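Novice: Convert by adding 1207 to the 1-based position in the sequence shown; the result is the number in the working numbering.
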Amino acid sequence: MTDCVFCRIAAGEMEPRIILETESVLAFHDLNPVAPQHALVIPRRHIATLDDTAPEDREVLGDVMLAGAEVARKLELEKKGYRTVMNCGHGGGQSVYHIHLHVLGGRNLSWPPG
Ligand code: 5GP
Ligand code: ZN
């Protein structure tokens, strides 16, 4: 059994609150939201960090971004605006080493982030 929590979610071993599923990606609500709406989009296939991606991952990375926009529309965030973030590595704030796009909204988000 994998010890990657997002691979386990992708395998259906855990039951997060799913927002959308496609052949290549899965989106669900974050367990510890930092905004009124906080979703995660993951590729079903394990990729540890953005730094581990290569040109052959172009399609799945595109699928992740497009799913992020679809999730934002499903959560009705598109009118007011929202933020997508992919943290990379320890210094970037990444804590789960299976790439994921954060979709954050429902409040005004400051810039620059902390
Ligand atoms: P990171 O810090 O790696 O950019 O983001 C990881 C995110 O995954 C965090 O926001 C954390 O709350 C979320 N998370 C970690 N474990 C789980 C889980 O088992 N289920 C869900 N739904 N979210 C999780
Ligand atoms: Zn994984």
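The beta carbon of each residue, even a glycine, is placed where N, CA and C say it ideally should be. Predicted, not measured: the structure shown is a model, and the values here were computed from it.
For residue 1287 and residue 1309, what's the separation of their Cα atoms in angstroms?
Specialist: Looking at the two C-alpha atoms, the distance is approximately 17 Å.
Novice: If you measure between the beta carbons of residue 1279 and residue 1249, is that distance less than 9 Å?
Specialist: No. Outside cutoff.
Novice: Taking the Cβ atom as the reference point for each residue, do residue 1276 and residue 1229 lie within a distance shorter than 9 Å?
Specialist: It is not a contact, given that the beta carbons lie outside the stated cut-off.
Novice: For residue 1281, which residues in the same chain have their Cβ closer than 8 Å to its Cβ, ignoring the five residues on either side in sequence?
Specialist: Here the set comprises 1226 and 1227.
Novice: Quick check: the Cα distance between residue 1269 and residue 1295, rounded to an integer number of angstroms?
Specialist: Whole-angstrom Cα-Cα distance: 17 Å.
Novice: Who are the near neighbours of residue 1222 in its chain, counting only those whose CB is closer than 7 Å to its CB and skipping five residues on each side?
Specialist: No residues qualify anywhere along the chain.
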